[in-house]
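>
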Amino acid sequence: MGYKSLILAIFAEVIATIALKSSNGFSELMPGFISILFYVVSFYFLMFAMQTLPVAVCYAIWSATGIALIAIISSFKFGEVPDIYAIVGLTLIVLGVFNLTILSKLGKGI
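The sequence shown stops at residue 122 when you use the working numbering, and every number in between is there.
#1: Please report the straight-line C-alpha distance between I122 and A21, rounded to a whole angstrom.
#2: Could you check which residue in K89, A98, F110 has the C-alpha nearest to that of W74?
#3: Which residues in the same chain have their Cβ closer than 7 angstroms to the Cβ of G44, if we skip the five residues on either side of it in sequence?
#4: Which class does L59 belong to by DSSP, given the choice of helix, strand or coil?
#5: Classify I84 as buried or exposed, calling it buried when 16 or more other Cβ atoms lie within 10 Å of its own Cβ.
#6: Check whether the region 23-32 and the region 48-67 are in contact - that is, three or more C-beta pairs closer than 8 angstroms.
#7: Taking all protein chains shown into account, decide if I27 is buried (16 or more other Cβ within 10 angstroms of its Cβ) or exposed.
#8: Among I82, G14, F88, I105, whose alpha-carbon lies nearest the alpha-carbon of A72?
#9: Are the beta-carbon atoms belonging to V67 and T113 less than 7 angstroms from one another?
#10: Whose C-alpha, out of L102, L65, M13, is nearest the C-alpha of I82?
#11: According to the Cβ coordinates, are F55 and S17 closer than 7 angstroms?
Pasting the structure below:
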């Protein structure tokens with residue numbers, strides 16, 4: 013149940029963040045409302061994920077996956093194509109989460 017809740021939290025956070033960008037500083041009401049709603053939904057499912065998963069692992073996966081998905085989506089939706097330095101940074105973030113969740117004893121890996 014922990015990872016299912018975490019996946020739902022990630023998707024809700026990605027929707028909320030894209031809607032936040034689309035709200036133009038909350039000047040457009042519907043994207044602003046969607047943003048607030050989906051951030052609440054994201055934290056709701058994140059709370060359930062943290063009941064069975066370690067906090068560090070849960071938060072690392074939630075934030076890193078959200079960052080990567082938002083970077084990909086925003087490159088298509090808003091034309092914000094990451095440069096080489098951003099791609100290297102995103103890669104390091106993903107490798108750090110891999111290290112934490114797969115290799116670290118905290119992540120119940122090796």
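Where a beta carbon is used, it is the ideal one built from N, C-alpha and C, also for glycine.
Looking at the atomic coordinates:
#1: The pLDDT assigned to I122 is 48, lower than 50, so where the model puts this residue is not dependable; a value taken from the coordinates is nonetheless given after this. Answer to the nearest angstrom: the Cα atoms are 27 angstroms apart.
#2: F110
#3: Excluding residues within five positions, the ones whose Cβ falls inside 7 angstroms are S35, F38.
#4: Strictly speaking, residue 59 in this sequence is Met, with Leu absent from that position. The three-state secondary structure of M59, taken from DSSP, is helix.
#5: exposed
#6: Yes, since at least three Cβ pairs between the region 23-32 and the region 48-67 fall closer than 8 angstroms, the two stretches touch.
#7: That one is buried.
#8: I105
#9: No; because the gap between Cβ atoms is not below 7 angstroms, this pair is not in contact.
#10: L102
#11: no
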